[in-house]
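In UniProt numbering, the protein residues as written are 1 to 535.
Where is the CB? At the ideal position from N, CA and C, for every residue including glycine.
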């Protein structure tokens, strides 16, 4: 395979936070998304951190590039050959012959920042059937969302907001007290009702009764349903005196809602007590109907730590969960042993929670699956980061440096179609993945150093920058790719493709000034951002 490159720049920018910028063309550089809001837990979020290899890449029968450019590896199956070098000159790579990416691909629709001199972060983004955008996150200080001023009660509060397809705020709400709260997952059903999950310490009221955590030290989980206009429908809390952490939410076609995350000791979602193994964190999955009644709940894990980080459902109600595991984990298809510490996993279950298939990455080192998505035809994409050796069903990739980003596309039966890897000697990770209607892949993440998505090395500014790319369904060839950044830290957290508008919408946090393609946007501190692209 010959990977052709188009170098992209990373210009800086500056304008007031909260300003909504209109339609335009994405410039050749993208945002470095901001530092994450410090969440409530006494423990971390379980993410693997680090970065990846280096070196240029040559096509079959061609000489590899000089070391120092970002490396892209392509793996199709165990019988395919691929470059797995991670430093020095780029290697030969067997794979498809790719046309040059489209330098004009990816048109900005709008970009906005929300926050003050304190810390704000968009954590989850989704859309409803009308193309309205739903945003959830956490903030400290104040946020002006379309004229609605939200002010935190002390530490971090949860917030949610609904936007029109062109980014105009329709309504916004905050929830919390003097303790910590964060909204971590959001979605909508076919009628436009909004479901939100997250974590909290202290007391929170979403419009019904007060919900109070079992202790003032460790967080409990909440699940809430709102009407399309933001009116409270019902709210629930789950937890004990230890740690429970909801990381993701998905809504199926008939209004059932699934949440996933991890927990310590015990938790009861309404179907009986689930008990974790020893003092470690285990994965949980829980499903509820549209009225909040428990349908089923499951736990997976052993004496080591496991964490679910992302969730998706398909048109048949099948559930896809991805994350990281140490030790071993069994989704009902037999134990999966983690060779790394941790290893990345992805599993498919039916609508009743029965296992269909499950996979865990092979190879020593560490790996984490940060995002999962399913296409209308049942293809599955899992994205994340790894250090050391990584194999999800093809030929192993090796990265001795800091974390590299990866995305693997699997068939409906769980067989690997291809895996792409991106990175240099510094840090790269993939944070969000989605499918376009034609099966093309949309991928977002963060990087330092440089990253090559297949069109040439994209250098970062001084801090973390953000990347966004579109890859062809049939072979993973880059169709267009962008880097966006500035001298401070930027971090994308969530990505969604909206079928109604045809836009890709991203959220996260950023510091400093970034040009999203419509002119510079400046953060007052670490601000939440919302950004839409016509892919």
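- When C-alpha distances from residue 406 are compared across 413, 398, 420 and 149, the shortest belongs to 420.
- The beta-carbon separation of residue 525 and residue 118, rounded to 5 Å, stays under the 8 Å limit for a contact.
- Judged by their CB atoms, residue 506 and residue 110 are not nearer to each other than the 9 Å cut-off.
- Restricting attention to 300, 283 and 331, the CA atom closest to the CA of residue 309 is found in 283.
- In the structure shown, residue 206 adopts coil according to DSSP, grouped into three states.
- In the structure shown, residue 489 falls within a coil segment according to DSSP collapsed to helix, strand and coil.
- For residue 448, the secondary structure class from DSSP, reduced to helix, strand or coil, is coil.
- DSSP links residue 144 through a beta bridge to 149.
- Taking C-alpha positions only, residue 157 is separated from residue 259 by approximately 20 Å.
- The continuous stretches of beta strand (DSSP E) do not include residue 156, and DSSP gives it neither H nor E.
- Judged by beta-carbon spacing, residue 431 lies beyond the 9 Å limit of residue 478, meaning their Cβ atoms are not closer than that value.
- The stretch 223 to 257 contains no complete alpha helix (DSSP H) run of 4 or more residues.
- If you draw a 10 Å sphere on the C-beta of residue 463, you find 16 or more other C-beta atoms in it, and that means buried.
- Of the other Cβ atoms in all chains shown, 16 or more fall within 10 Å of the Cβ of residue 397; this residue is therefore buried.
- The C-beta separation of residue 379 from residue 412 comes to about 7 Å, placing the pair in contact by the 8 Å criterion.
- Contact check for residue 444 against residue 450 fails: the beta carbons are separated by 9 Å or more.
- Looking at the backbone, the Cα of residue 174 and that of residue 448 are separated by about 33 Å.
- In the displayed model, residue 471 falls within a strand according to three-state DSSP.
- In this structure, residue 329 lies away from residue 362, with their beta-carbon atoms at least 9 Å apart.
- Assigned with DSSP and collapsed to three states, residue 132 falls in coil, not helix or strand.
- When the beta-carbon positions are compared, residue 221 and residue 232 stay at least 9 Å from each other.
- DSSP places residue 305 outside both helix and strand once states are collapsed to three, so it counts as coil.
- For the pair residue 322 and residue 347, the CB atoms are nearer than the 9 Å cut-off.
- Linking residue 324 to residue 389 through their CA atoms gives a straight-line distance of about 15 Å.
- Following the DSSP letters along the chain, one finds residue 102 in no beta strand (DSSP E), marked with neither H nor E.
- Here the C-alpha atom of residue 177 lies approximately 31 Å from the C-alpha atom of residue 165.
- Residue 466 counts as buried, since no fewer than 16 other beta carbons sit within 10 angstroms of its beta carbon.
- A Cβ-Cβ contact shorter than 9 Å links residue 138 with residue 182.
- Collapsing the DSSP output to three states places residue 426 in coil.
- Taking one beta carbon from each stretch, the stretch 123 to 131 and the stretch 474 to 491 have fewer than 3 pairs nearer than 8 Å; the two do not touch.
- Taking C-alpha positions only, residue 216 is separated from residue 534 by approximately 44 Å.
- Under the three-state reduction of DSSP output, residue 462 falls in the coil class, being neither helix nor strand.
- Taking the CA atoms as reference points, residue 161 sits about 15 Å from residue 527.
- Annotation: residue 117 is outside any beta strand (DSSP E) and is labelled neither H nor E by DSSP.
- In this structure, residue 356 places its C-beta atom within 9 Å of the C-beta atom of residue 318.
- The Cβ atoms of residue 492 and residue 532 do not sit closer than 9 Å to each other.
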